[in-house]
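Data block below; observations after.
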């Protein structure tokens, strides 16, 4: 059984000496061995725990080209390029306070204060869109796929905690 699984699942790790990442027309491109990809996409396999390890590299058709085991294994210029792309894709707003949460027709409408000021966003299926990452850390995903993080529920003011507690 184990041999059958390893025959089916084969992870191709991208090697720093063979995989050349570059910026082409504003997008990340990859030359791996003799194959060139004019646009590739990065996907964190473990987005909450290993943010710079085990990154799946996908082509335009969502086929996996390979996996980056660790960003730090690559040259500095490549590390900066990959980190910039991950920062853009996985931008997370940090919630400092919850000003209001109003529900209507299966959606909840949030007004929050984050590190950039006040912001409004909409969440569908609120209970499923809130994820407890650790005992005290929570993420919320809105209808557009934007992610909002509460690093510590205990650090929120009492009013904010009361507003979110009913959904946890």
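Numbering (my numbering), first residue to last: 38 to 205.
Backbone N, C-alpha and C fix where the C-beta goes; we use that ideal spot for every residue, glycine too.
Given the structure is predicted, the values throughout are model-derived calculations rather than measurements.
According to the neighbour-count rule (16 or more other Cβ atoms, all chains shown, within 10 Å of its Cβ), is residue 187 buried or exposed?
Numbered from 1 along the chain shown, position 150 holds the residue referred to as residue 187. Classification for residue 187: buried.
For a quick check, are the C-beta atoms of residue 105 and residue 190 less than 9 Å apart?
Position 68 of the chain shown, counting from 1, holds the residue named residue 105. Position 153 of the chain shown, counting from 1, holds the residue named residue 190. In terms of Cβ geometry, residue 105 and residue 190 do not form a close pair [threshold 9 Å].
Quick one: measure Cβ to Cβ for residue 79 and residue 118, integer angstroms, because I've assumed they're closer than 8 Å.
Taking the first residue of the chain shown as 1, we reach residue 79 at position 42. Taking the first residue of the chain shown as 1, we reach residue 118 at position 81. Contact doesn't hold; Cβ gap of about 10 Å is too wide.
For residue 191, does the three-state DSSP call read helix, strand or coil?
Working through the chain shown from its first residue, we reach residue 191 at position 154. Assignment of residue 191 by DSSP, reduced to helix, strand and coil, places it in the helix class.
Kindly indicate which residue of 171, 148, 124 has the alpha-carbon position closest to the one of residue 197.
By 1-based counting over the chain shown, the position of residue 197 is 160. The residue from 171, 148, 124 with its alpha-carbon nearest to that of residue 197 is 148.
The alpha helix (DSSP H) with residue 166 in it runs from where to where?
In the chain shown, residue 166 corresponds to position 129, counting from 1. It spans 163–166 - the alpha helix (DSSP H) in which residue 166 sits, taken as one unbroken run.
What is the DSSP secondary structure of residue 106, reduced to helix, strand or coil?
If you number the chain shown from 1, residue 106 lands on position 69. Residue state, collapsed to three classes: strand.
Tell me which same chain residues have a C-beta within less than 7 Å of the C-beta of residue 133, skipping the five on either side of it?
In the chain shown, residue 133 corresponds to position 96, counting from 1. The beta carbon of residue 133 sits closer than 7 Å to those of 150, 151, 152, all from its chain and outside the five residues before and after it, given in chain order.
By alpha-carbon positions, which one of 160, 195, 101 ends up nearest to residue 67?
Looking up residue 67 in the chain shown gives position 30. For the residues 160, 195, 101, the minimum Cα distance to residue 67 belongs to 101.
List in chain order: all unbroken beta strand (DSSP E) runs of 3+ residues lying wholly within the region 69–126.
Along the region 69–126, the beta strand (DSSP E) occurs as fully enclosed runs of 3 or more residues at 72–74, 78–81, 90–95, 101–107, listed in sequence order.
Using a threshold of 9 Å, state whether the C-beta atoms of residue 129 and residue 116 are closer than that.
Residue mapping note: residue 129 aligns to position 92 of the chain shown, counting from 1. Residue mapping note: residue 116 aligns to position 79 of the chain shown, counting from 1. Using a Cβ distance threshold of 9 Å, residue 129 and residue 116 do not count as a contacting pair.
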